[in-house]
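Beneath this line is the structure, given in structure tokens, with notes to follow.
Protein chains: 2
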Amino acid sequence: MQALIFDLDGTLVDTVYAHIFAWQKALAEAGMAIEGWRIHRKIGMSGGLFTRAVARELGRDLTPEEVEALQQRHGEIFIQLLPERRPLPGAIELIRFLYANNILFGIATSGRRPEINGSLDILGIRPETVVVERGDVLRAKPEPDLFLACQQRMGVSAGDCYVVGDAVWDLLAARRAGMLSIGLLSGGYGEDELSKAGAYRVYRDPAELHRSLDELGVLP
Amino acid sequence: MQALIFDLDGTLVDTVYAHIFAWQKALAEAGMAIEGWRIHRKIGMSGGLFTRAVARELGRDLTPEEVEALQQRHGEIFIQLLPERRPLPGAIELIRFLYANNILFGIATSGRRPEINGSLDILGIRPETVVVERGDVLRAKPEPDLFLACQQRMGVSAGDCYVVGDAVWDLLAARRAGMLSIGLLSGGYGEDELSKAGAYRVYRDPAELHRSLDELGVLP
Numbered sequence: 002m003q004a005l006i007f008d009l010d011g012t013l014v015d016t017v018y019a020h021i022f023a024w025q026k027a028l029a030e031a032g033m034a035i036e037g038w039r040i041h042r043k044i045g046m047s048g049g050l051f052t053r054a055v056a057r058e059l060g061r062d063l064t065p066e067e068v069e070a071l072q073q074r075h076g077e078i079f080i081q082l083l084p085e086r087r088p089l090p091g092a093i094e095l096i097r098f099l100y101a102n103n104i105l106f107g108i109a110t111s112g113r114r115p116e117i118n119g120s121l122d123i124l125g126i127r128p129e130t131v132v133v134e135r136g137d138v139l140r141a142k143p144e145p146d147l148f149l150a151c152q153q154r155m156g157v158s159a160g161d162c163y164v165v166g167d168a169v170w171d172l173l174a175a176r177r178a179g180m181l182s183i184g185l186l187s188g189g190y191g192e193d194e195l196s197k198a199g200a201y202r203v204y205r206d207p208a209e210l211h212r213s214l215d216e217l218g219v220l221p
Numbered sequence: 002m003q004a005l006i007f008d009l010d011g012t013l014v015d016t017v018y019a020h021i022f023a024w025q026k027a028l029a030e031a032g033m034a035i036e037g038w039r040i041h042r043k044i045g046m047s048g049g050l051f052t053r054a055v056a057r058e059l060g061r062d063l064t065p066e067e068v069e070a071l072q073q074r075h076g077e078i079f080i081q082l083l084p085e086r087r088p089l090p091g092a093i094e095l096i097r098f099l100y101a102n103n104i105l106f107g108i109a110t111s112g113r114r115p116e117i118n119g120s121l122d123i124l125g126i127r128p129e130t131v132v133v134e135r136g137d138v139l140r141a142k143p144e145p146d147l148f149l150a151c152q153q154r155m156g157v158s159a160g161d162c163y164v165v166g167d168a169v170w171d172l173l174a175a176r177r178a179g180m181l182s183i184g185l186l187s188g189g190y191g192e193d194e195l196s197k198a199g200a201y202r203v204y205r206d207p208a209e210l211h212r213s214l215d216e217l218g219v220l221p
């Protein structure tokens, strides 16, 4: 294996539950209350797919203005709830290890700059590392575009990449990109959900992934 | 089957994600940051087991004063986050149906009065229905005490009871009580997690359970 491609939220930083609750509150404020677990299982999809899925739950279409207002309100509540990003256990050490051992990796996230900058900074991601964000591609997960763009910019083949993600959307997108994948429990999915979506291995968090690199054939 | 025993949070009311985030914030404020997914998988245990599990994650014991302060702060944040309880889809209709058809049921929750009163009110639980709360028994889930107390007060045998719950703690406690159990996805566990913990059937929410009563042999 030549390279790792990491998702960001729920995979390297502990932000999933703040995102869920921020969506739940933004939707409830707008009179569109949806159960927490249904929001949880949609986190990590593209925002457009997410709001369309929400519309289906509600049984009516959302106007572009409603979608825009929801996304803005979600962002405001999220920052109030979680002003500081916290790396998941072992994430900083894993990134440092990959740099020290010249193991190629990139980041591919459904998030956008500037919102993701705080997470990249706290993880110690260097400017030379390929970071593909939502605005760089036409279609987000579970479409494979984010991972394919990351792989191309890193200059490796899809078959040489492992995707590391916490949501089934990462794992489905990885399969469609022709990449192997690794699931992390740190986004709150169950182990079987991740395995069934195609994860070759499931670990608890970046720390366990780090200890298990031998199982993956990515050590030099 | 003679009777149903329902858990409350995550099973009949949509409160799990607010509880998770309230715990995450209360712990972080106290300098004991713990990842969201680890908190999620502990929700529904007794508070004492929960704080002991937290202590193990932190690698040190918590003083009784720390435990008390954490529980109090969790309660404050929870009320701020979620001033109104929302029933899960179909919960009110299911309760109404059970009353209308004289199907015996009770509530057994790790929550306490007066905090749970709002949930009981919004669900239309009548005064004659058996409600066993944390303060009524010595040990909470995954110990079987809550369910056994509920069954005894309803006057039926354990083998005639179905437990309905959203957390593995409900299902483990049901097995120890000698009761069959049904899992609901509305607490955010995966289907396989619930099945492996012993659920005979897994449904999405109370609405799907209601439509499926035929599969359970509880219809008159």
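Quick mapping for you: the protein sequence lines, in order, are chains A and H. First residue of the first sequence? That's 2 in the working numbering, and the numbers climb one at a time after it. First residue of the second sequence? That's 2 in the working numbering, and the numbers climb one at a time after it. Using N, Cα and C, we set each Cβ at its ideal position, and we do this for glycine too.
Query                                                                                                                                                                                  : Result
Find the residues of chain H that neighbour A/W38, judging by a C-beta separation of less than 7 Å, and give them in chain order.                                                      : L186, S187, G188 and G189
Output the boundary residues of the alpha helix (DSSP H) element that contains H/L59.                                                                                                  : G48 to L59
Please work out which residues of its chain come closer than 6 Å, Cβ to Cβ, to H/Q25, disregarding the five sequence neighbours upstream and downstream, and give them in chain order. : G37 and I40
Thinking C-beta only, is A/S120 closer than 7 Å to A/A141?                                                                                                                             : no
Tell me whether A/G91 sits in a helix, a strand or coil according to DSSP, three-state version.                                                                                        : coil
Is the beta carbon of H/F22 less than 7 Å from the beta carbon of A/F22?                                                                                                               : yes
The beta strand (DSSP E) with A/G107 in it runs from where to where?                                                                                                                   : L105 to A109
Based on Cα-Cα distance, which residue from H/E144, H/N102 and H/E85 lies nearest to H/N118?                                                                                           : H/E85
Quick one, are the C-beta atoms of H/G179 and H/A159 less than 7 Å apart?                                                                                                              : yes
For A/F79, decide whether its Cβ has a neighbour in chain H, counting only Cβ atoms nearer than 7 Å.                                                                                   : no
Tell me the rounded alpha-carbon separation between H/I6 and H/V169.                                                                                                                   : 15 Å
Name the chain A residues that come within less than 7 Å of H/L89, Cβ to Cβ?                                                                                                           : E36
For A/K43, which residues of its own chain have a beta-carbon under 6 Å away from its beta-carbon, when the five flanking residues on both sides are left out?                         : F51 and A54
Give the DSSP bridge partners of H/R202, in chain order.                                                                                                                               : H/I183
Residue range of the beta strand (DSSP E) that A/Y163 falls in?                                                                                                                        : C162 to G166
Would H/L173 and H/A198 qualify as a contact pair, given that the criterion is a beta-carbon distance under 7 Å?                                                                       : yes
With DSSP as the reference, label A/D10 as helix, strand or coil.                                                                                                                      : strand
Rounded to the nearest angstrom, how far is the Cβ of A/L105 from that of A/A4, given a contact under 8 Å?                                                                             : 4 Å
Measure the C-alpha to C-alpha separation of H/A175 and A/V131 and round it to an integer number of angstroms.                                                                         : 50 Å
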